[in-house]
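Each residue of the sequence shown is one higher than the one before, counting from 23 in our numbering.
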Amino acid sequence: MEHKHKYEQFKGQPRLPKFAAPRRYDIKLKPDLVTCKFSGAVEISVDVVAETKFIVFNAADLAIDSSSVRFTDQTGSKVLKALEVELFEDDEIVVVEFPENLSPGIGVLCVAFEGTLNDKMKGFYRSTYEHNGEKKNMAVTQFEPADARRCFPCWDEPACKATFKITLEVPAELVALSNMPVFDEKVDGSIRTVCYQESPIMSTYLVAVVIGLFDYVEDHTPDGIKVRVYCQVGKASQGKFALDVAVKTLELYKKYFEVPYSLPKLDMVAIPDFAAGAMENYGLVTYRETALLYDDKHSAAANKQRVATVVAHELAHQWFGNLVTMEWWTHLWLNEGFATWVEINHAAEIDEIFDAISYRKGASVIRMLQSYLGPECFQRALASYIKKYACSNAKTEDLWAVLEEESGQPVTKIMNSWTKQKGYPVVSVKVNDKELVFEQVFYIDAFHPLTFKIG
């Protein structure tokens, strides 16, 4: 009874406790694309901010090797093996108890684990494709909003930013991609070990890995950023339009936000089985094939427009979402609303469409605010906001504060009525003889993208 009680404090909580925070992950993954299993190990540099016997992190659908769990203090002289390792499946957390208190400061938490390349298109999963008439698997990650924990133990919250060093062991003939460029690789028989440069600070949901057979097309921005579009073998020519859009868009955003793209490369990958339209992983953006590939001879014009729209949206996230990240999911509209507004405001081929609240209401509210403050003032404020919160997290109130400072207008007072209420007001205008009669009603519809009034 006492054993259960001491862990009860960690159950049923929406967020992880604050007495320890990650600073750096060193992740090694070895996927088997035949058995659809993977093994891995992670060393997490943890900042213990308050004396504690416990470390609590996220994990789900992973088999944790309890005997591997240990904590090494910052001097490297003291290693504590875990006394207890408890997985709470409903909460998707692991509680590790050590035999004595961990002192405040940086230490290293080591955990070995195993998992399954699932078929649910989330976490670390498998996607199937055909090559020379043979069915094959590729390994893909999709971590937003909270599925990095299905690939490796972590603090799976957007505010828990850290750097990531990733190493993959893969079949030698396959392409292996991650957020950063390769800095070292070795081949031993049929296995290739690929080590990637350490990433800038980022949230766990933006970490990405893709392993499979691919062709690619390549170009560079004027700044020398290498941009590639990866697709199934034989489809490389269908990636040229998206490649052209990406190169031009990165340059456009750099000038508008007054902050350059922050990584040395950008890869965009077409995935056969993908749940969302696309995912803005830092430096490794994944897409449905229909959202990235365009065939001049066979694709409809609408598909070309969709590719431009989705690429513009996902690359906007490299600034809004990746460089500056919402503090918690309640501020999701900061990511999606701005990415949609930028996509609409800066891609000439794109029609304005209304969709889900986080995307389209957010974009509409931002556009309204831009019109109120003026485009030049608004642009200066956004550039200041990105510079101020780069490599950090922000709340809606932080954005309003920067806009107020730049414009001198009561932005918080004006915008709270829009962002803290559901739906939007619909104004109807009727002509009665020589009078105009205005009527305003509350409207919300989470399922239908367009509102029609008949009669």
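A virtual CB, placed ideally from N, CA and C, is assigned to each residue, including glycine.
Span of the beta strand (DSSP E) holding V281?
-> By one-based count along the sequence shown, residue 281 stands at place 259. Element bounds for V281: n/a, residue is neither H nor E.
Contacting residues, own chain, Cβ-Cβ under 6 Å from A42 (five flanking each side not counted) = Taking the sequence shown and counting its residues from 1, the one referred to as residue 42 is at position 20. Counting only Cβ-Cβ distances below 6 Å, and skipping sequence neighbours, we find V68, V70 and I77.
In this structure, what does DSSP give as the bridge partners for H153?
-> In the sequence shown, counting from the first residue as 1, residue 153 sits at position 131. Paired residues: E156.
Rounded to the nearest angstrom, how far is the Cβ of G343 from that of E302, given a contact under 8 Å?
-> The residue you call residue 343 lines up with position 321 of the sequence shown. The residue you call residue 302 lines up with position 280 of the sequence shown. Taking C-beta atoms under 8 Å as the contact rule, G343 and E302 qualify, at a distance of about 6 Å.
When the Cβ atoms of the segment 284-297 are set against those of the segment 247-267, are three or more pairs found closer than 8 Å?
-> With a cut-off of 8 Å, the segment 247-267 and the segment 284-297 count as touching, because enough Cβ pairs lie within range.
K142 versus N325: straight-line alpha-carbon distance, rounded = Taking the sequence shown and counting its residues from 1, one reaches residue 142 at position 120. Taking the sequence shown and counting its residues from 1, one reaches residue 325 at position 303. Pairing K142 with N325, the inter-Cα distance amounts to about 26 Å.
I375: buried (16+ other C-beta within 10 angstroms of its C-beta) or exposed?
-> The sequence position of residue 375 within the sequence shown is 353, counting from 1. Confidence at I375 is low in this model, with a pLDDT of 28, below 50, so the placement of that residue is unreliable and no value is reported for it.
Counting only the same chain and skipping the five closest in sequence on each side, list residues whose C-beta sits under 7 Å from that of G98.
-> Here the question's residue 98 lines up with position 76 in the sequence shown. Nothing meets the Cβ criterion.
Given 8 Å as the limit, is there contact between the segment 204-224 and the segment 135-152, that is, 3 or more CB pairs closer than that?
-> No, because fewer than three Cβ pairs between the segment 204-224 and the segment 135-152 fall closer than 8 Å, the two stretches do not touch.
If we count Cβ pairs, one from each stretch, closer than 8 Å, do we get three or more for the segment 117-135 versus the segment 200-209?
-> With fewer than three CB-CB distances shorter than 8 Å, the segment 117-135 does not count as touching the segment 200-209.
Buried versus exposed call for H320 [16 or more other C-beta atoms within 10 Å across all chains shown] = Taking the first residue of the sequence shown as 1, we reach residue 320 at position 298. Counting the other CB atoms within 10 Å of its CB gives H320 a total below 16, which places it among the exposed residues.
Are the CB atoms of G129 and F79 nearer to each other than 7 Å?
-> The residue labelled residue 129 in the question sits at position 107 within the sequence shown. The residue labelled residue 79 in the question sits at position 57 within the sequence shown. Against a cut-off of 7 Å, the Cβ pair of F79 and G129 comes out as no contact.
Do you know offhand how far Q35's Cα is from V162's?
-> Taking the first residue of the sequence shown as 1, we reach residue 35 at position 13. Taking the first residue of the sequence shown as 1, we reach residue 162 at position 140. Their backbone Cα atoms lie some 30 Å apart in a straight line.
Given F160 as reference, the closest of P432, E426 and F296 once Cα atoms are compared | As a position in the sequence shown, residue 160 is number 138, starting the count at 1. With the sequence shown as reference, residue 160 is identified as Met, and Phe is not the correct amino acid for it. The shortest Cα separation from M160 among P432, E426 and F296 belongs to F296.
Can you list, in chain order, the residues of its chain whose CB lies under 7 Å from that of F460, leaving out five sequence neighbours each side?
-> By one-based count along the sequence shown, residue 460 stands at place 438. Answer for F460: V449 and V451, listed in chain order.
Beta-carbon gap between Y316 and V307 smaller than 7 Å | The residue you call residue 316 lines up with position 294 of the sequence shown. The residue you call residue 307 lines up with position 285 of the sequence shown. Their beta carbons are not under 7 Å apart, which means Y316 does not touch V307 by this criterion.
Could you give the DSSP three-state label for P36: helix, strand or coil?
-> As a first step, residue 36 must be located in the sequence shown, where it is residue number 14. Here P36 sits in coil by DSSP.
With which residues is I188 paired in a DSSP beta bridge?
-> Along the sequence shown, one-based indexing puts residue 188 at 166. Looking at the DSSP assignment, I188 forms a beta bridge with I49.
How is the alpha helix (DSSP H) around C399 delimited, first residue to last?
-> Here residue 399 corresponds to residue number 377 of the sequence shown, with the count starting at 1. Run containing C399: P397 to Y411, per the alpha helix (DSSP H) assignment.
Distance, Y407 Cα to F135 Cα | As a working note, residue 135 is residue 113 in the sequence shown. As a working note, residue 407 is residue 385 in the sequence shown. Linking F135 to Y407 through their CA atoms gives a straight-line distance of about 39 Å.
In the structure shown, what three-state DSSP assignment does K59 receive?
-> Here the question's residue 59 lines up with position 37 in the sequence shown. Three-state result, K59: strand.
Hey, would you say H335 sits closer than 7 Å to A313, going by beta carbons?
-> Your numbering for residue 335 matches position 313 in the sequence shown. Your numbering for residue 313 matches position 291 in the sequence shown. Their beta carbons are not under 7 Å apart, which means H335 does not touch A313 by this criterion.
Mind pulling the beta strand (DSSP E) runs of 3 or more residues that sit fully within the segment 308-349?
-> Listed in chain order, the complete beta strand (DSSP E) runs (minimum 3 residues) inside the segment 308-349 are 346-348.
Go ahead and pull the three-state DSSP assignment for G127.
-> Within the sequence shown, residue 127 is the residue found at index 105, counting from 1. Taken through DSSP and simplified to helix, strand or coil, G127 comes out as strand.
Start-to-end residues for the alpha helix (DSSP H) that takes in S429 = Working through the sequence shown from its first residue, we reach residue 429 at position 407. In the DSSP assignment, S429 falls within the unbroken alpha helix (DSSP H) covering T418 to S429.
Locate the alpha helix (DSSP H) running through V255, then write down its first and last residues.
-> The count along the sequence shown starts at 1 and reaches residue 255 at position 233. No residue range can be given for V255, since it is assigned to no alpha helix (DSSP H) and is classified by DSSP as neither H nor E.
Note down the Cα distance separating Q254 from V332, rounded to an integer number of angstroms.
-> The residue labelled residue 254 in the question sits at position 232 within the sequence shown. The residue labelled residue 332 in the question sits at position 310 within the sequence shown. Taking the straight line joining both Cα atoms gives about 19 Å.
Provide the residue span of the beta strand (DSSP E) that contains V229, from first to last.
-> Locating residue 229 in the sequence shown gives position 207, counting from the first residue. Looking at the DSSP string, V229 is not in any beta strand (DSSP E), and its letter there is neither H nor E.
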